[in-house]
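Under full-length UniProt numbering, the sequence shown has 100 at position 100, and the numbering climbs by one with no breaks. Note that CB positions come from ideal geometry on N, CA and C, so glycine has one too. Everything numeric in this text was worked out from a predicted model, so none of it was measured. The next block holds one structure in the form of structure tokens; read it before the comments.
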Amino acid sequence: MTQKVFVVGVGMTKFEKPGEREWDYPDMAREAGTKALADAGIAYESVEQAYVGYVYGESTSGQRAIYELGLTGIPVVNVNNNCSTGSTALYLAAQAVRGGLAECTLALGFEKMQKGSLGSTFDDREQPMMRHLLALAELQEFAMPPAPYMFGAAGKEHMQRYGTTAEQFAAIGVKNHRHSVNNPYAQFQKEYSLEDVLAANQIYGPLTKLQCSPTSDGSGAVVLASEAFVDRHDLAERAIEIVGQSMVTDLASTFASNSAINLVGADMTRTAAESVYAQAGFGPEDVDVIELHDCFSTNELLTYEALGLCAVGEGGRLVDEGATTYGGRWVVNPSGGLISKGHPLGATGLAQCSELTWQLRGAADARQVEGARLALQHNIGLGGAVVVTAYRPANR
Numbered sequence: 001m002t003q004k005v006f007v008v009g010v011g012m013t014k015f016e017k018p019g020e021r022e023w024d025y026p027d028m029a030r031e032a033g034t035k036a037l038a039d040a041g042i043a044y045e046s047v048e049q050a051y052v053g054y055v056y057g058e059s060t061s062g063q064r065a066i067y068e069l070g071l072t073g074i075p076v077v078n079v080n081n082n083c084s085t086g087s088t089a090l091y092l093a094a095q096a097v098r099g100g101l102a103e104c105t106l107a108l109g110f111e112k113m114q115k116g117s118l119g120s121t122f123d124d125r126e127q128p129m130m131r132h133l134l135a136l137a138e139l140q141e142f143a144m145p146p147a148p149y150m151f152g153a154a155g156k157e158h159m160q161r162y163g164t165t166a167e168q169f170a171a172i173g174v175k176n177h178r179h180s181v182n183n184p185y186a187q188f189q190k191e192y193s194l195e196d197v198l199a200a201n202q203i204y205g206p207l208t209k210l211q212c213s214p215t216s217d218g219s220g221a222v223v224l225a226s227e228a229f230v231d232r233h234d235l236a237e238r239a240i241e242i243v244g245q246s247m248v249t250d251l252a253s254t255f256a257s258n259s260a261i262n263l264v265g266a267d268m269t270r271t272a273a274e275s276v277y278a279q280a281g282f283g284p285e286d287v288d289v290i291e292l293h294d295c296f297s298t299n300e301l302l303t304y305e306a307l308g309l310c311a312v313g314e315g316g317r318l319v320d321e322g323a324t325t326y327g328g329r330w331v332v333n334p335s336g337g338l339i340s341k342g343h344p345l346g347a348t349g350l351a352q353c354s355e356l357t358w359q360l361r362g363a364a365d366a367r368q369v370e371g372a373r374l375a376l377q378h379n380i381g382l383g384g385a386v387v388v389t390a391y392r393p394a395n396r
């Protein structure tokens with residue numbers, strides 16, 4: 001029988017510019033994991049399985065990281081799914097509880113990154129993104145670095161098809177930098193004008209530097225539990241239920257549609273979101289607060305459409321209406337998102353979960369979304385995987 005799954009503890013470090021702070025990944029994991037356990041009010045000995053995500057690291061870095069919390073002999077699974085690594089760890093930890101294999105699990109993610117654009121580690125074998133890049137190069141002339149090229153190309157396609165403007169993409173960067181001012185965990189906490197964002201160094205297509213997520217160091221952690229565990233430990237008042245969750249990888253349409261928008265995951269997101277809405281019993285119109293994968297401002301706008309916040313081609317209209325910020329229909333990325341909060345790849349999905357948990361508890365301080373009752377999370381990694389998760393408080 002399928003079990004209900006609850007978030008009972010969350011924790012994260014401040015996200016930092018690589019090299020800004022004297023720490024290593026075990027230090028990051030200890031800080032985030034200790035915070036999550038304390039938030040849940042349980043000891044590490046209560047955890048039955050752990051899923052530890054990172055992209056840049058050696059093969060058993062997950063064990064080395066989690067051993068900072070204790071040595072109990074539990075299964076520790078190392079997880080790597082590119083930028084969706086953190087939410088993939090969350091998905092696996094939830095799956096163990098949902099399937100009745102464990103009553104309490106831990107998802108932890110971290111990243112210690114190099115400065116500058118993402119690069120490859122192994123150059124003696126085919127790169128996992130090669131098929132995507134070759135397909136995209138047939139649509140738009142290849143450029144470096146690959147990530148802004150891919151998401152910038154998708155933005156250019158949207159502009160050509162639907163008349164979306166550079167100003168609309170830039171306004172998303174303005175919004176997310178403004179939101180991050182109230183987030184003490186964010187790497188950047190500075191507000192910029194639309195003119196500032198547009199005038200920043202151009203990276204590719206409509207993207208300027210202030211519309212791109214930075215490399216970051218940091219960690220996040222989430223404790224999950226079954227309903228029986230929540231009841232036994234009297235955690236219902238602070239528990240947040242996962243009411244829908246889906247993980248989808250690349251589809252035939254990713255390559256067959258001859259679309260840069262699909263090559264960066266729009267169809268994956270749409271498929272996952274439709275599954276989550278069916279599981280949760282509510283739709284995008286019911287959601288109050290969203291943390292989505294704005295690795296680049298273009299992807300935030302594309303994701304509005306893929307999540308069903310508006311029809312395809314109408315993402316720019318949501319920007320113009322102020323529909324995705326405080327006072328609008330939804331608050332999207334109240335944390336500042338990846339653009340301003342930062343993007344340590346293995347930690348991002350768990351930081352998103354942490355933010356939404358705080359929002360649904362009414363504990364997000366100056367960035368609190370008033371009356372938040374339903375939340376949606378979206379985390380994507382090219383090559384490719386997307387995880388979409390829906391949440392609501394257990395006691396409502």
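Exposure of T60, with buried meaning 16 or more beta-carbon neighbours within 10 Å
exposed
Inspect the beta-carbon positions of G381 and T105 and report whether they are closer than 9 Å.
no
At the level of alpha carbons, what is the spacing between M159 and F169?
10 Å
Tell me which residue opens and which closes the alpha helix (DSSP H) that A65 is part of.
S61 to I66
First and last residue of the alpha helix (DSSP H) that includes E141?
First-last for E141: undefined, no H or E at that position.
Terminal residues of the beta strand (DSSP E) in which C212 lies
Looking at the DSSP string, C212 is not in any beta strand (DSSP E), and its letter there is neither H nor E.
Can you grab the Cα-Cα spacing for the pair Q114 / M1, in whole Å?
45 Å
Quick one: residues in its chain with C-beta nearer than 7 Å to the C-beta of S275, no 5 flanking neighbours on either side, listed in chain order?
S246
May I ask you to list the residues that DSSP assigns as paired with G220?
M12 and G109
Where does the unbroken beta strand (DSSP E) through T165 begin, and where does it stop?
It is not in any beta strand (DSSP E) - T165 carries neither H nor E in the DSSP assignment.
Leaving out the 5 sequence neighbours to the left and right, which residues in its chain are closer than 6 Å to L235 when beta-carbon positions are compared?
V8
Residue nearest to V181 in terms of C-alpha spacing, selected from G173, I172, V174 and E191
E191
Leaving aside the five residues before and after A239 along the sequence, list all residues of the same chain whose C-beta is less than 8 Å from its C-beta, in chain order.
F6, V7, V8, A225, V230, P393, A394 and N395
Nearest to G11 by CA position, among P284, E355, V319 and D124, is which residue?
E355
Whose C-alpha, out of G57, V331 and A221, is nearest the C-alpha of V47?
A221
With the cut-off set at 9 Å, would you say V55 and G346 are in Cβ contact?
yes
Helix, strand or coil for T389 per DSSP?
strand
Mind pulling the alpha helix (DSSP H) runs of 4 or more residues that sit fully within the segment 22 to 55?
25 to 40
Unbroken alpha helix (DSSP H) run spanning Y277, endpoints
A266 to A280
Residue from L292, G53, Y67 and R131 with nearest C-alpha to V386
L292
Where P26 and R64 are concerned, what is the direct C-alpha to C-alpha distance, given to the nearest angstrom?
7 Å
Would you say A260 and E157 are within 9 Å of each other, going by their C-beta atoms?
yes
Coarse secondary structure for M150, derived from DSSP in three states
helix
Leaving aside the five residues before and after G244 along the sequence, list all residues of the same chain whose C-beta is less than 6 Å from its C-beta, in chain order.
V276, Q279, A280 and A390
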